[in-house]
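Each residue of the sequence shown is one higher than the last, beginning at 1 in the working numbering. Every residue, glycine too, gets a C-beta built ideally from N, C-alpha and C. Predicted, not measured: the structure shown is a model, and the values here were computed from it.
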Amino acid sequence: MPKFKVKTVTGAAFSLARYKVEISFFQDLNSILVDFHQRHYVKRWKGFQLIAGDGSTVSLPASPAIKKYFGVYSENENGAKSCLAQLFMLFDINTKTVLASRISEMKNSERTLFKDCLNNLAVDKAIFVLDRGFGYFNIFKRLIIQKRDFCIRVSSSNSTFAKQVMSNPCEDFITEWQPSEREKRTCAEHGQDCEPIKVRVSKIKLKTGEIELLISSLKPKDISLADIDKLYALRWGIEEGFKPQMELEQFGSRKPEGINQEFKAHIFMMNLVALLGITVQDTIEKNMNKRRYNYIFNWQNAFRFVRNSLIELLMGLKIKTITKGLVKQISETVVAVKPRRSFPRIKVRQNKSRLQQTYK
Numbered sequence: 001m002p003k004f005k006v007k008t009v010t011g012a013a014f015s016l017a018r019y020k021v022e023i024s025f026f027q028d029l030n031s032i033l034v035d036f037h038q039r040h041y042v043k044r045w046k047g048f049q050l051i052a053g054d055g056s057t058v059s060l061p062a063s064p065a066i067k068k069y070f071g072v073y074s075e076n077e078n079g080a081k082s083c084l085a086q087l088f089m090l091f092d093i094n095t096k097t098v099l100a101s102r103i104s105e106m107k108n109s110e111r112t113l114f115k116d117c118l119n120n121l122a123v124d125k126a127i128f129v130l131d132r133g134f135g136y137f138n139i140f141k142r143l144i145i146q147k148r149d150f151c152i153r154v155s156s157s158n159s160t161f162a163k164q165v166m167s168n169p170c171e172d173f174i175t176e177w178q179p180s181e182r183e184k185r186t187c188a189e190h191g192q193d194c195e196p197i198k199v200r201v202s203k204i205k206l207k208t209g210e211i212e213l214l215i216s217s218l219k220p221k222d223i224s225l226a227d228i229d230k231l232y233a234l235r236w237g238i239e240e241g242f243k244p245q246m247e248l249e250q251f252g253s254r255k256p257e258g259i260n261q262e263f264k265a266h267i268f269m270m271n272l273v274a275l276l277g278i279t280v281q282d283t284i285e286k287n288m289n290k291r292r293y294n295y296i297f298n299w300q301n302a303f304r305f306v307r308n309s310l311i312e313l314l315m316g317l318k319i320k321t322i323t324k325g326l327v328k329q330i331s332e333t334v335v336a337v338k339p340r341r342s343f344p345r346i347k348v349r350q351n352k353s354r355l356q357q358t359y360k
């Protein structure tokens with residue numbers, strides 16, 4: 001701190017002072033980045049911004065304050081209690097920018113958090129690309145009411161409608177979805193009408209032989225079946241968005257306000273890294289144009305570079321020099337993008353807690 005001409009303080013003083021920083025400070029910083037991204041850096045696919053949504057969970061310190069705010073998720077045979085939080089992000093697939101995010105107690109599902117994010121998101125001409133966790137009639141109804149385009153994977157055994165369209169020999173067609181009695185009740189619970197909706201049904205055969213059922217609002221004359229196949233494959237970009245959550249599980253606070261503060265700060269960091277990465281991507285593509293694969297910047301290294309320079313950036317010290325240095329560092333650490341790469345999912349029992357307490 002001396003090099004910034006700022007008085008050095010103890011760790012205890014810092015721990016107390018951090019709670020004087022309002023969560024809205026990080027929200028405002030992030031809003032600036034998202035607004036800047038939407039004005040200057042949106043990369044469109046066939047004229048559409050591609051937005052993926054997904055949820056996950058993170059472990060929290062099981063302090064009394066955390067238990068009271070987030071609730072106790074589970075208790076083992078020894079009486080040790082664990083706490084989890086539900087996360088949700090809306091994520092620009094092409095630029096890896098988080099457009100909206102929520103952290104909440106586990107009683108709120110990812111669909112509930114999606115609804116909250118959707119109601120507060122202003123985007124122009126976008127396609128929401130979602131996985132099977134969102135393949136419910138009331139989700140489709142909400143998107144149609146809000147005039148949002150979508151492409152959502154649906155489990156072939158999830159509903160009567162899914163079973164009906166899977167029995168249809170056509171692989172790409174438009175049909176009417178008549179809600180079941182259960183779906184009507186769900187719509188009523190969400191304040192929606194129960195009128196049927198028109199959707200496009202597309203079936204994609206995977207390498208495994210499994211048929212992927214995709215329901216969309218996309219017009220066949222504009223988006224072909226092959227295009228829809230490519231579109232949903234792009235959704236895997238959201239999986240990359242949750243890889244940095246390992247950083248999130250290193251919470252330094254044992255208070256709810258601290259957890260929320262760190263979550264918002266981490267989203268800000270993710271978006272700052274994304275914007276810097278966007279600026280170097282053209283340089284990377286130019287340098288790697290003779291390679292077999294396409295290349296992108298290494299997110300983990302970029303995050304580390306930005307973290308090491310964050311204080312100088314926020315204090316406004318030699319911003320141009322620091323930014324130039326970051327751009328150079330990020331452009332020199334790249335990874336190859338290998339399309340359709342997949343590995344068998346191996347489930348390993350974790351005996352230890354995912355949480356790694358870091359004191360700040």
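Query: Proximity of V327 and N294 at Cβ, strictly below 8 angstroms; Result: no
Query: N-terminal and C-terminal residue of the alpha helix (DSSP H) that D116 is part of; Result: E110 to N119
Query: Cutoff 6 angstroms; reference D172; Cβ partners in own chain excluding five residues on either side; Result: S202 and L225
Query: Nearest-angstrom Cα separation, counted from S159 out to V9; Result: 59 angstroms
Query: Classification of E110 by the beta-carbon crowding that lies within 10 angstroms, buried from 16 upward; Result: buried
Query: Span of the alpha helix (DSSP H), counted from its first residue to its last, around D35; Result: I23 to H40
Query: Nonlocal neighbours in the same chain, by C-beta distance under 8 angstroms from K318, ignoring five residues either side; Result: E312
Query: Three CB pairs or more closer than 8 angstroms across the region 264-271 and the region 17-36; Result: yes
Query: For W236, the first and last residue of its enclosing alpha helix (DSSP H); Result: W236 -> no alpha helix (DSSP H), and no H or E assigned at all.
Query: Simplified DSSP state of M106, which is helix, strand or coil; Result: coil
Query: Whole-angstrom C-beta distance between G53 and L90, which should lie under 8 angstroms; Result: 5 angstroms
Query: Local Cβ density within 10 Å of P61, reported as buried at 16 or more and exposed below that; Result: buried
Query: Beta-carbon proximity list for V154, same chain, < 6 angstroms, skipping 5 on both sides; Result: G135, A162, L213 and I215
Query: Which listed residue (F297, R254 and N287) has its alpha carbon closest to that of A274; Result: F297
Query: Among K125, I259 and N94, nearest to W236 - alpha-carbon criterion; Result: N94
Query: First through last residue of the beta strand (DSSP E) which encompasses L90; Result: K81 to D92
Query: D92 classed as buried or exposed, judged by whether at least 16 other C-beta atoms fall within 10 angstroms; Result: buried
Query: Contacts around V335, its chain only, beta-carbon distance under 7 angstroms, and the 5 residues preceding and following it disregarded; Result: Y295, I296 and N298
Query: The region 281-291 / the region 44-59 touching (three or more Cβ pairs under 8 angstroms); Result: no
Query: Residue interval of the alpha helix (DSSP H) (run including S15); Result: G11 to A17
Query: Neighbour-count burial assignment, R291, 16 or more Cβ in a 10 Å radius; Result: exposed
Query: When D229, F128, L33 and S31 are compared against S217, the one with the closest alpha-carbon; Result: F128
Query: With 16 other Cβ atoms within 10 Å as the buried cut-off, status of C83; Result: buried
Query: Length of the line joining the Cα atoms of V34 and P169; Result: 44 angstroms
Query: Whole-number beta carbon distance between I322 and S309, since they are thought to touch under 8 angstroms; Result: 5 angstroms
Query: Under the three-state DSSP convention, the category R200 falls into; Result: strand
Query: CB-CB length for M270 against V98, believed under 8 angstroms; Result: 6 angstroms
Query: Per-residue DSSP class, three states only, for V6; Result: coil
Query: Whole runs of the alpha helix (DSSP H) within the region 278-327, excluding any shorter than 4 residues; Result: 299-314
Query: Where M215 falls: helix, strand or coil (DSSP); Result: Sequence inspection shows Ile at residue 215; the Met mentioned does not correspond to that position. Strand, per DSSP.
Query: Distance between beta carbons of L87 and I66, contact taken as under 8 angstroms; Result: Contact doesn't hold; Cβ gap of about 15 angstroms is too wide.
Query: Cβ shell of F140 (< 8 angstroms), same chain only, five flanking positions each side left out; Result: F150, I152, W177, I197, V199 and I215
Query: Under the three-state DSSP convention, the category F251 falls into; Result: coil
Query: Outcome for G79 when other beta-carbon atoms lying within 10 angstroms are tallied against a minimum of 16; Result: exposed
Query: DSSP state of S167 mapped onto helix, strand, coil; Result: helix
Query: DSSP state of R185 mapped onto helix, strand, coil; Result: helix
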